[in-house]
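Letter 133 of the sequence shown, counting from 1, is numbered 375 in our numbering, and no numbers are missing. Don't be surprised by glycine CBs; every beta carbon is placed ideally from N, CA and C. This report refers to the structure that appears directly beneath it.
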Amino acid sequence: MIKNKCKACRRLGQKLFLKGERCLSPKCAMVKRAYPPGLAGKRRKRRLSDYGKALREKQRLRSWYGLSERQFKKYVKEVLSKRGKVENLAEEFIKKLEKRLDNVIFRLGFSKSRSQARQLVLHGYFLINKKPITMPSYEVKKGDAIAIKEGKKRKTALKDLSATLKKKQVASWLKIDKDKLEAELTGEPSLGEVLPPAEIPTIFEYYSR
Numbered sequence: 243m244i245k246n247k248c249k250a251c252r253r254l255g256q257k258l259f260l261k262g263e264r265c266l267s268p269k270c271a272m273v274k275r276a277y278p279p280g281l282a283g284k285r286r287k288r289r290l291s292d293y294g295k296a297l298r299e300k301q302r303l304r305s306w307y308g309l310s311e312r313q314f315k316k317y318v319k320e321v322l323s324k325r326g327k328v329e330n331l332a333e334e335f336i337k338k339l340e341k342r343l344d345n346v347i348f349r350l351g352f353s354k355s356r357s358q359a360r361q362l363v364l365h366g367y368f369l370i371n372k373k374p375i376t377m378p379s380y381e382v383k384k385g386d387a388i389a390i391k392e393g394k395k396r397k398t399a400l401k402d403l404s405a406t407l408k409k410k411q412v413a414s415w416l417k418i419d420k421d422k423l424e425a426e427l428t429g430e431p432s433l434g435e436v437l438p439p440a441e442i443p444t445i446f447e448y449y450s451r
């Protein structure tokens, strides 16, 4: 699993932080081998076609959020259907991806990576407005209260979480009580703060072909 995620970053030519803390260490594959995997990886890169560039941008963002092609395409099509009704489609797109429960859990620092966040959600670690939610794709809304189930706080996956959170700064649209391990979505994610590793308009072009 680790190798596959590291290969994804190398193949797409950008560090996507798919392995959490490992990506910040000297063990990161993009530090040790910053070229595509395979025997031809070190050879001179071919110039990408417009289609190839669009495909790469799509793959970068899809991998960053850890979504399947089907899930990612659904979000794109949903946003594109609002063309003419929404002022900034790219902003709307990022808002939808950022407000997924698995991503919110990761942004809060309750997990080391989005993939771990997804597993924690599936295993029933979290409450939204005091109700258990086990859908990683659940869209968290402004005003929603997020909490860790009392019985899960002592699990190995959350070991030393309070101490870890004290060193972490969360996004401006989230509010967290680092002692009680409770949080709230207080605003809206913005494209400028998220800084996604891909060109959103190019992704829209890819799916509009």
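Let's see if you can read the secondary structure: which residues bound the beta strand (DSSP E) around residue i?
i	result
Lys383	It is not in any beta strand (DSSP E) - Lys383 carries neither H nor E in the DSSP assignment.
Ala425	424–427
Lys417	416–419
Ile370	368–370
For the alpha helix (DSSP H) that contains residue i, what are its first and last residues?
i	result
Ile390	Here Ile390 belongs to no alpha helix (DSSP H); instead the beta strand (DSSP E) covers 387–390.
Lys315	311–322
Asp344	343–350
Leu364	356–364
Leu303	292–307
Pro443	442–449
Lys337	331–340
Could you check the C-alpha separation between residue i and residue j for me, to the nearest Å?
i	j	result
Ala389	Phe314	27 angstroms
Lys245	Arg356	Low local confidence applies: a pLDDT of 48 at Lys245 is under 50, so the model's placement there is unreliable, and no value is given.
Met243	Asp402	Legend: pLDDT at Met243 = 41, less than 50; position of this residue unreliable, value from coordinates given subsequently. About 25 angstroms.
Trp306	Pro438	8 angstroms
Thr444	Leu260	22 angstroms
Thr406	Ile336	27 angstroms
Tyr448	Ser404	42 angstroms
Asp344	Tyr317	15 angstroms
Arg502	Phe348	No answer is possible for residue 502: it lies beyond the span of the chain, which begins at 243 and ends at 451.
Arg312	Glu320	12 angstroms
Met377	Gly294	33 angstroms
Lys410	Lys324	35 angstroms
Lys420	Phe446	38 angstroms
Leu290	Leu309	24 angstroms
Looking at residue i: is its Cβ nearer than 8 angstroms to the Cβ of residue j?
i	j	result
Leu416	Leu350	yes
Glu430	Lys384	yes
Glu381	Ala413	no
Asp386	Leu427	yes
List the whole-angstrom C-beta distance separating residue i from residue j, where the pair is believed to meet the contact cut-off of C-beta under 8 angstroms.
i	j	result
Lys341	Tyr367	18 angstroms between Cβ atoms; not a contact.
Ser432	Glu333	7 angstroms
Verify the CB distance criterion: does residue i have a CB-CB separation below 8 angstroms to chain B?
i	result
Phe368	Absent here is chain B; the protein component of the structure consists of one chain.
*Pair every Cβ in the region 314–328 with every Cβ in the region 361–375, then say whether three or more of these pairs are closer than 8 angstroms.*
No: the two stretches stay apart, fewer than three of their Cβ pairs being nearer than 8 angstroms.
_For the region 395–403 against the region 296–309, do three or more pairs of beta-carbon atoms, one drawn from each stretch, fall closer than 8 angstroms, so that the two count as touching?_
Taking 8 angstroms as the limit for Cβ pairs, the verdict is that the region 296–309 does not touch the region 395–403.
*asked:* Is it the case that the region 425–444 contacts the region 364–378, given that we only count it when at least three CB pairs across the two stretches are under 8 angstroms?
replied: By the Cβ criterion, the region 364–378 is not in contact with the region 425–444, since fewer than three pairs of Cβ atoms, one from each stretch, lie closer than 8 angstroms.
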